Structures are given as structure tokens and as C-alpha cells.
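Input: a single structure, listed below in C-alpha cells.
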Amino acid sequence: MRNLLIFITKYNAFFLFIIFEVASLIIYIKYNSFQKASFINSSNEVTGGFYAKMSEFNSYLKLKEENDELARENSRLRNQLKSSFYVDTVNKHKVTDTIYKRQYEYIVARVINNSTNHANNYLTINKGSQQGIAKGMGVMCNLGIVGKVIIVSEHFSVIQSLLHKDSQFSAMLANNKEIGTIEWGDDLNPHKGILKDVSNNAVPKVGEQVVTSGYSLFPTGIPIGKISNLHTKAGGYALNMEVALAVDFSKLQYVDVINNKFATEQEGLEAQQKKDE
Amino acid sequence: MSRNIIINLIRFLVLVFIQVFLLKNISLYNFSTPYFYILFILLLPFETPNVLLFALAFILGLTIDAFYDTPGLHAAACVILAFVRIIFISITVQKDGFDNEPEPTLGIMGLRWFITYASVLTLVHHFFLFNLEAFSLSQLEFTISRVLLSSLFTVFLMLISGLLFFKRKERK
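Same order as they appear, the protein sequences are chains U and E.
Anchor point for the first sequence: position 113 equals 113 in the working numbering, and the numbering is continuous, going up by one each time.
Anchor point for the second sequence: position 76 equals 76 in the working numbering, and the numbering is continuous, going up by one each time.
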């Protein structure tokens, strides 16, 4: 017994190393499988508060770019206004609109933490459950899709960006409506995605637009990027191609969280169908 | 002794601040990302007891993890770093010679020793950090090149900071 104690005190560095290393690996592995069940993340109020302060300061530095972008968007929206069209009929009648029911609602939020250079990237935004954000909602900005909400606290939410090993969204080619899946590329380049599993009879061209299909969290036709490279393997049963992403993730300032009002209804129905089978 | 504690506390806060708000946003071609905060563990005094050394490394790692959203990753790499530090120092430094100057800084230990010390420890830390982050051997080449280039960046920053404080000491 005494010899054992002497042995342990002599090599105490090694035993301490084992204890601490196992502790940190347990934390790491546990976090990996339970998707951030732990409280050490940036929706934590303390670090969230820090990031909010810092991003307030940062947003001053980018005011000019943001202004330009807003001005451009203003002009685009103004072009869609009724008042900018010339009305050449005199008859007017009032219609109570019962055909259109609002399906998508957009909640604007500011990005307060962002990363693009890790193997798995996350964003934090300054809106949370109090503003109506819930887990699983899609996130876009005015240039294209960004990701989906994975954790929500009262005032902050964490978004798993498209630049994440597990991110997959349904996408399609804008011209011939062929469906595929958009993912992040293998080489951690924040400007490049991969469109997978497009059926073999599609004839994609370099430069063709890739947009959302409407099957997942997003409305149909939100831009994702443009095809930049085709590698067609002979004999494969599906096409894969490289996509130059439309969104510059390192410059994200404001994003829109999309609330699909029919999502629960759709999910409920689909779950029931699975149960019936 | 209490002066030592205060200096190290300030160093801890400053390094975490620099890492989280400045270096987190820096990345050269997605290959080279500096993790400069480990300088805190490198510069702890020689006489730090092993328990304290491991505990500090663990806490430092968890603090960085809280800001990087990666619970446990940096903590694991930092604990490995602390272990390698103990081995490296026990091999290269004779404990008896240091009564009054107990810190492994550039000014006290000399340029050649400090460069070896910093690069070996940084390489080990970055190797485990990037491999744990990737968590697969499928892109080993890519990961290794990230390790090497990032270590280069980190050691470069360490040398700059070492020279900066080295000069100030001589002037006194």
C-alpha cells in the first residue's frame, strides 16, 4: 500500500494528466452527441452579453457597406411598389382577399457572433424565443440562405450555418427544376458548396442559378449560389457539382429568420403518415 | 509571490481577450489560425505545482471553449500541453539554478531555448487541437498542413510578444 502511494506521488504529473484529460474528453464527447445540451455556449447570457457589446462596436465599422446594401434593397423593393407602375385602366373595384393566407413570416435579427474558419461553424443572433424564434426555423439574408436555428434562449439564438458538416438543405436548379441537396464542400472553403444527388437527366451549365426547392424550411426560389464547376463522373447514378455560394458568410450583419406558419401542420401530417406505414 | 499571482491573472485576462475578440477573426486562407492564448501556460513559473498547472490549463481551455462554442475541445488540448510542458522542462532545465528568476521567459532563458520550447509545445497543442476538431483521419494531410501553418503563426506571435517585454525589462 505504501509503495503504491509512493509510486503515485512520484509520477503525480502523469496521473493528474490522465484525470484532467479524461474530464475534458468526456465534456467534448458528450457535447458532440447531445448537440450542445451543456450550458457552455454563446447563448449563455454572460458570453452573449460580451458578444452583443463587441458586435455593436463592430457594426459601426461596417456602416457604409450596410448602407449601400440597404439602399440597393430599397430601390429593388420600390420597383415592386404599385405606385411605380402606370395604371392604364380606369375601373377599380375592391376585393376582399380570401385566396392568399400568409405562410411565411420574417423576423429580422442582427448577427452578434460569427465564424467561418472552423470545421463546424455557428452564428449567434440577438433575437430569441421572446421575439418568436423557435428551434428548426430557417435563416436567410438578402443574398441567400444562411442556415437553421438550433438553440434558442430568451434573447439569443444559435444558428448552425450552411458551413457545417451536418448542414443539408433541399435545393434545385433554377432553370429545369431538378432537385438536389446542397452541402458545404469538403475543403472548408467558405465560398464553396456542393450540390449533390441531382438526377442524371439534368443538363446543368456552369453559371446556372441554384435556388431553394421549397421542400425544406425555406420558401421556393431563394438564391443559394451559382454552379462554378461540374465534375461528372461517368457511370454514376447522380450528378454532383460545385456551387459558388451567393452569401459571403464572413460579412453577415443582418439576417431574416423565417417562420413557416404551416410547418407544424406539415410535420404532424408527415409524422402520422410514417406511423401509419 | 502575490506579485506573481497578479501578473499571471492579468496575463490570463489579456490573452483570453486578445484571442476571443481579435485572433478569432483572423485566418490566413483558412489554413493558418493562431491560438496565441496558450502563451499563458508556457509562461507560468517553473515552481508551479503540477496540480495547479493542470487546473489552470483546464480552466483556460474551458474559458476559450465558452467563447468558441466547443465545450471540452480546447480544455483537452491545453491539458495535453501542460503535460508536455512538465516533461520538456524536466528534461531540459536543472531545477536548482533558479532561486530568484523563476519564469521561462525569453529574456531569462535565452532565444534558442525559448524557440525550441515554444515550437515543440505549440506543435503538440495544435496537433491535438486540430485532430480533435476534425475527429476523423480521412483528411489527415489537410489537417496536418493546418497544424504546421497555424503553429508557425502562433510561434511568430509568441516571439514578437517575447521580444516586446524583453526590451522593456532591460530598460529598467
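All C-beta atoms in this analysis are idealised placements derived from N, C-alpha and C, irrespective of residue type, glycine included.
A quick note: this is a predicted structure, and the numbers were derived from the prediction, not measured.
- Along the region 144–194 of chain U, the beta strand (DSSP E) occurs as fully enclosed runs of 3 or more residues at 144–152, 157–161, 169–173 and 179–184, listed in sequence order.
- Cβ-Cβ distances below 8 Å link L15/E to F36, Y37, L39 and F40 in the same chain, with the five nearest sequence neighbours on each side left out; the list follows chain order.
- In this structure, Q131/U sits near I107/U, with a CB-CB distance shorter than 7 Å.
- For T116/E, there is no enclosing beta strand (DSSP E); the residue is found in the alpha helix (DSSP H) stretching over L111 to A134.
- Per DSSP, the continuous beta strand (DSSP E) segment holding I125/U begins and ends at Y122 to I125.
- The residue among I10/E, F31/E, V20/E and N4/E with its C-alpha nearest the C-alpha of H126/E is F31/E.
- Of the other Cβ atoms in all chains shown, 16 or more fall within 10 Å of the Cβ of T154/E; this residue is therefore buried.
- A75/E reaches chain U at S24 and I27, counting residues in chain order whose Cβ is nearer than 7 Å.
- Think of a sphere of 7 Å around the beta carbon of E21/U: the chain E residues whose beta carbon falls inside it are A76, V79 and I80, in chain order.
- Under the Cβ distance rule, F17/U counts among the residues neighbouring chain E, one pair being separated by less than 7 Å.
- At a Cβ-Cβ threshold of 7 Å, F15/U and I8/U count as neighbours.
- By the neighbour-count criterion, in which 16 or more other beta carbons inside 10 Å mark a residue as buried, A71/U falls on the exposed side.
- When Cβ pairs closer than 8 Å are counted between the two stretches, the region 19–27 of chain E is seen not to touch the region 132–147 of chain E, the count staying below three.
- Under a criterion of Cβ atoms nearer than 7 Å, the residues of chain E adjacent to A119/U are, in order, E133 and A134.
- Residues N259 of the same chain have their beta carbon placed closer than 6 Å to that of E105/U, with the five preceding and five following residues left out of the count.
- If you check the CB distance, F169/U and I179/U do not come in under 7 Å.
- Rounded to the nearest whole angstrom, the C-alpha separation of W113/E and T33/E is 24 Å.
- Take the alpha-carbon of K165/U and the one of V247/U: they are about 18 Å apart.
- Residue pairing by DSSP places D256/U opposite V108/U and M140/U in a beta bridge.
- For S228/U, the uninterrupted beta strand (DSSP E) segment begins and ends at P223 to H231.
- Contact check for N114/U and L252/U: beta-carbon distance about 6 Å, within the 8 Å limit, so the pair qualifies.
- Within chain U, the residues A13 have their CB atoms less than 7 Å from the CB of I86/E, given in chain order.
- For chain E, the residues of the region 49–65 of chain U that bring a beta carbon within less than 7 Å of one of its beta carbons are M54, in chain order.
- In terms of beta-carbon proximity, N30/E lines the interface with chain U, with at least one pair separated by less than 7 Å.
- Using a CB distance cut-off of 7 Å, L123/U does not count as an interface residue toward chain E.
- Among the residues facing chain E, T9/U is not included, as its CB has no counterpart in that chain under 7 Å away.
- Not one beta carbon of chain U lies nearer than 7 Å to the beta carbon of S138/E.
- Listed in chain order, the non-local C-beta contacts of A57/E below 6 Å within the same chain comprise I41, C78, V79 and A82, local neighbours out to five positions each way being set aside.
- For the set L195/U, G138/U, L25/U and Y51/U, the Cα lying nearest the Cα of V257/U is the one of G138/U.
- At a cut-off of 7 Å between beta carbons, G110/E makes no contact with chain U.
- Along the region 184–199 of chain U, going in chain order, the ones with a CB nearer than 8 Å to a CB of chain E are D186, D187, L188, N189 and P190.
- With a 10 Å radius around the Cβ and a threshold of 16 neighbouring Cβ atoms, K127/U comes out buried.
- In chain order, N12, A13 and L16 make up the part of chain U whose C-beta sits under 8 Å from the C-beta of N50/E.
- The three-state secondary structure of Q209/U, taken from DSSP, is strand.
- Contact of F67/E with chain U by beta-carbon distance below 9 Å involves S42, T47, F50, Y51 and N113.
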